[in-house]
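Quick notes on the structure that follows.
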Amino acid sequence: MRVVCLFVALATFGYSQLPVMKGSIHSFTVEDINGDLFDFSSLKGKKVMIVNTASKCGLTPQYKKLEALYQQYKNQNFVVIGFPANNFIWQEPGTNEEIKVFCDKNYGVSFPIMAKISVKGRKQHPLYEFLTQKDKNGVKSSSVKWNFQKYLIDENGMLVDVISSRTQPDDVKITTWIKS
């Protein structure tokens, strides 16, 4: 009888209408820029902005606003996490050490920066697979279109929204979300 009910529900509402189970970033562990492990479960209870970064991009000055945003809200359970990536016309060619020095010297970055990864393509990092695939994050599918695309994650580790690269880190949409 249960199988028949499930079949009727699928036929009536369509498979795509069934709720998708959401995953959480809290299950991920990644390597940070220093080669140490960073456990995303340490972010439970915090809002997170994940950003793919690059040192030689027209949008690289966003590092300054990302750092200012982090400084303004870090004591209010908010964190920015940068993921250097060389996926867009080789705009992040440096090694992890070179990226770390660049971020410190030019922008005084103190928010967590992870080791360089691929955010798209055949070698896409599992975290970015989660961020970009609805069947993994339960919210929406997206593609990483350029450097400095932003993923907003709630206190439970769930994807909330994807923000365009061109949208500045201090945009009212983002700051309103942080404060909510």
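Start counting at 1 in the sequence shown, then tack on 199, and there's your number in our numbering. Beta carbons: idealized from backbone N, C-alpha and C, even for Gly. Quantities reported herein were computed from a predicted structural model and do not represent experimental measurements.
Length of the line joining the Cα atoms of residue 294 and residue 319 = Whole-angstrom Cα-Cα distance: 19 Å.
Exposure label - residue 288; buried when at least 16 CB within 10 Å | With fewer than 16 other Cβ atoms within 10 Å, it is exposed.
C-alpha distance - residue 348 paired with residue 363, whole-angstrom precision = Rounded to whole angstroms, residue 348 to residue 363 spans 5 Å at the Cα level.
Round the Cβ separation of residue 225 and residue 245 to the nearest angstrom and send it over; I've been treating them as touching at under 8 Å.
-> The C-beta distance from residue 225 to residue 245 rounds to 10 Å, too long to meet the 8 Å contact threshold.
In angstroms, rounded to a whole number, what distance separates the CA positions of residue 303 and residue 365?
-> Going by the C-alpha atoms only, they are around 23 Å apart.
DSSP state of residue 304, grouped into three classes?
-> The answer is helix: DSSP assigns residue 304 an H, G or I state.
Pick from 280, 306 and 274 that is closest to residue 231, judged by C-alpha positions | Ranked by how close their Cα comes to the Cα of residue 231, the residues 280, 306 and 274 have 280 in first place.
Residue 281 - partner residues in DSSP beta bridges | DSSP lists 250 and 312 as the beta-bridge partner residues of residue 281.
Roughly how many whole angstroms lie between the Cα atoms of residue 257 and residue 312?
-> Distance between the alpha carbons of residue 257 and residue 312: 19 Å.
Which of helix, strand or coil does DSSP assign to residue 268?
-> Note: residue 268 maps to helix in three-state DSSP.
Closer than 7 Å by C-beta to residue 277: which residues in its own chain qualify, once you throw out the five before and the five after it? Chain order, please.
-> The residues 245, 246 and 377, in chain order, have a CB closer than 7 Å to that of residue 277 in the same chain once the five nearest residues on each side in sequence are set aside.
Could you please give the first and the last residue of the uninterrupted beta strand (DSSP E) stretch that includes residue 360?
-> For residue 360, the uninterrupted beta strand (DSSP E) segment begins and ends at 358-362.
Ordered along the chain, which non-local residues of its own chain (more than five positions away) have a Cβ less than 6 Å from that of residue 252?
-> Hits under 6 Å: 281 and 283.
Keeping to the same chain, check which residues put their C-beta closer than 6 Å to that of residue 265; ignore five residues upstream and five downstream.
-> Excluding sequence neighbours, residue 265 sits near 279 and 368.
Could you tell me which uninterrupted beta strand (DSSP E) segments, each at least 3 residues in length, are contained entirely in the stretch 323-367, listed from first to last along the chain?
-> Runs found: 349-352 and 358-362.
Coarse secondary structure for residue 230, derived from DSSP in three states | In this structure, DSSP gives residue 230 an extended state, which the three-state scheme calls strand.
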